[in-house]
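Residues 1 to 114 (UniProt numbering) make up the sequence shown, in order.
Even glycine gets a Cβ: it sits at the ideal position worked out from N, Cα and C.
Here is the structure we will look at.
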Amino acid sequence: MQTGSFINWADFEKIEMRTGTITHAEVFKEARKPAYKLTLDFGEYGTRRSSAQLTKLYSAEDLLGRQVIAVLNFPRKQIANFFSECLVLGIVGDENTITLLSPERSVPNGLRVG
1 MQTGSFINWA DFEKIEMRTG TITHAEVFKE ARKPAYKLTL DFGEYGTRRS
51 SAQLTKLYSA EDLLGRQVIA VLNFPRKQIA NFFSECLVLG IVGDENTITL
101 LSPERSVPNG LRVG
């Protein structure tokens, strides 16, 4: 079953999906939809910030130290007074409930998903 248009392998290889650990999470009060401001450590790729609408399943405290998968090579995006520098990946369920994608076990930050 086809769900959209196909990409080729070269297109997929352009996407920089990497592992990172959430080192800071706080409520994003200025966002229109409930969200957190996150800071993530990507090892040799440095620290990035992201806005993520994860408030239905996760508290800010639950997110600290959690390893996740994020796309690093999107351009920065301004959301209210905040610049999101990566896209944290999750599965969108009913009523836009987002479940984070994460490695099965702890791995070094910055490893590429492929």
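Reference L57, options R112, G4, N96, closest by Cα: Per the Cα distances, N96.
Whole angstroms are fine: how far does the CA of L111 sit from the CA of G46? 12 Å
Does the segment 52-69 come within contact of the segment 10-25, defined as at least 3 CB pairs closer than 8 Å? yes
Give me whichever residues DSSP pairs with V68 in a beta bridge. G20
Here's a check: name, in chain order, each residue in its chain whose Cβ is nearer than 6 Å to the Cβ of T55, leaving out the five neighbours to either side. P34
Given a cut-off of 8 Å on the beta-carbon distance, is the pair A70 and V88 in contact? yes
Thinking G93 and L101 are a contact (beta carbons under 8 Å), I'd like their distance in whole angstroms, please. 13 Å between Cβ atoms; not a contact.
Where does G42 fall in DSSP's three states? Checking the sequence shown, residue 42 turns out to be Phe, not Gly. Of the three classes helix, strand and coil, the one that applies to F42 here is coil, per DSSP.
Close Cβ partners of M17 (< 6 Å) along its chain, the five nearest in sequence each way excluded: I69, V71, V113
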